[in-house]
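Peer 1: So in my numbering, spot 80 of the sequence shown is number 80, and the numbers just go up one at a time. The beta-carbon is built from N, C-alpha and C at its ideal position, and this holds for glycine as well. I am attaching a structure below and will ask some questions about it afterwards.
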Amino acid sequence: MTQVVTRIPAYSNESMLHYCKTLLSILSKSHNTKVGRGKKAKVTKVFKHKQDPDVIDRLINSIEHYKKLNQMKNRKVGSFEIIKYKIVIQSGNPKIEIEMIKVLDEDGEYIKFARLKDVIGYLSKYPVTFRPI
């Protein structure tokens, strides 16, 4: 998912998902056209608007991206798991340097990775586990 439709200011994840689905439905509209004459005439589907595969791929990627973001919003944080960390001894005192934190929901399922500065206020409110080195 390298390219997605950029967020429109004041649109939520749900609004962007609806917007991308609307654009995709507009671009994928088609109508039937007869090709040929007589018995050999065939009916083919022709798109109403010009199709650019890059635009269609970008809309599909955007729908998946905003759908995932919308689902993440509905999940509640259950715990944190410290994935990467180092134990460093500074001036005779051991200290833990945290590099990567995984946010888990109430069922222990992955939600996302987070930066320490983003979740430092929540570490005391939820259970924290350390993955063995």
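Do three or more CB pairs link the region 63–70 to the region 40–52 at distances below 8 Å?
Peer 2: Segments in contact, no.
Peer 1: Leaving aside the five residues before and after residue 11 along the sequence, list all residues of the same chain whose C-beta is less than 8 Å from its C-beta, in chain order.
Peer 2: Start at 1 with the first residue of the sequence shown, and residue 11 comes out as number 11. Closer than 8 Å at Cβ, skipping near neighbours: 19.
Peer 1: Report the partner residues of residue 34 according to the DSSP bridge assignment.
Peer 2: Position 34 of the sequence shown, counted from the start, is the residue given in the question as residue 34. Bridge partners of residue 34: 43.
Peer 1: Can we say the region 84–101 touches the region 112–123, given the rule of at least three CB pairs closer than 8 Å?
Peer 2: Verdict: yes, contact present.
Peer 1: Throw me the rounded Cβ distance for the residue 85 and residue 17 pair, which I believe falls under 8 Å.
Peer 2: Position 85 of the sequence shown holds residue 85. Position 17 of the sequence shown holds residue 17. With a Cβ gap of about 36 Å, residue 85 and residue 17 do not count as contacting.
Peer 1: Which one of 123, 7, 23 has the shortest CA to CA distance from residue 78?
Peer 2: Locating residue 78 in the sequence shown gives position 78, where the first residue counts as 1. Comparing Cα positions, the closest option is 123.
Peer 1: In chain order, what residues of the same chain lie with their CB nearer than 8 Å to the CB of residue 108, ignoring the 5 residues before and after it?
Peer 2: Within the sequence shown, numbered from 1, the residue matching residue 108 stands at position 108. The answer, listed in chain order, is 78, 79.
Peer 1: The alpha helix (DSSP H) with residue 21 in it runs from where to where?
Peer 2: Looking up residue 21 in the sequence shown gives position 21. It spans 13–27 - the alpha helix (DSSP H) in which residue 21 sits, taken as one unbroken run.
Peer 1: Sort 5, 132, 130 by Cα distance to residue 57 and report the nearest one.
Peer 2: Walking along the sequence shown from the start, residue 57 turns up at place 57. That would be 5, whose Cα lies nearest to the Cα of residue 57.
Peer 1: Less than 8 Å between the CB atoms is what I'm expecting for residue 119 and residue 82, so what's the real figure, rounded?
Peer 2: Locating residue 119 in the sequence shown gives position 119, where the first residue counts as 1. Locating residue 82 in the sequence shown gives position 82, where the first residue counts as 1. Rounded, the Cβ-Cβ distance is 11 Å, inconsistent with contact.
Peer 1: Tell me whether residue 26 is buried or exposed, calling it buried when 16 or more other Cβ atoms sit within 10 Å of its Cβ.
Peer 2: Position 26 of the sequence shown, counted from the start, is the residue given in the question as residue 26. By the neighbour-count rule (16 or more Cβ atoms within 10 Å), residue 26 is not buried but exposed.
Peer 1: In three-state terms, what does DSSP make of residue 119?
Peer 2: Translated into the one-based positions of the sequence shown, residue 119 becomes position 119. DSSP places residue 119 in helix when its eight states are reduced to three.
Peer 1: Does residue 8 come out as helix, strand or coil in the three-state DSSP assignment?
Peer 2: Indexing the sequence shown from 1 puts residue 8 at position 8. Looking at residue 8 - three-state DSSP - the assignment turns out to be coil, as it is neither helix nor strand.
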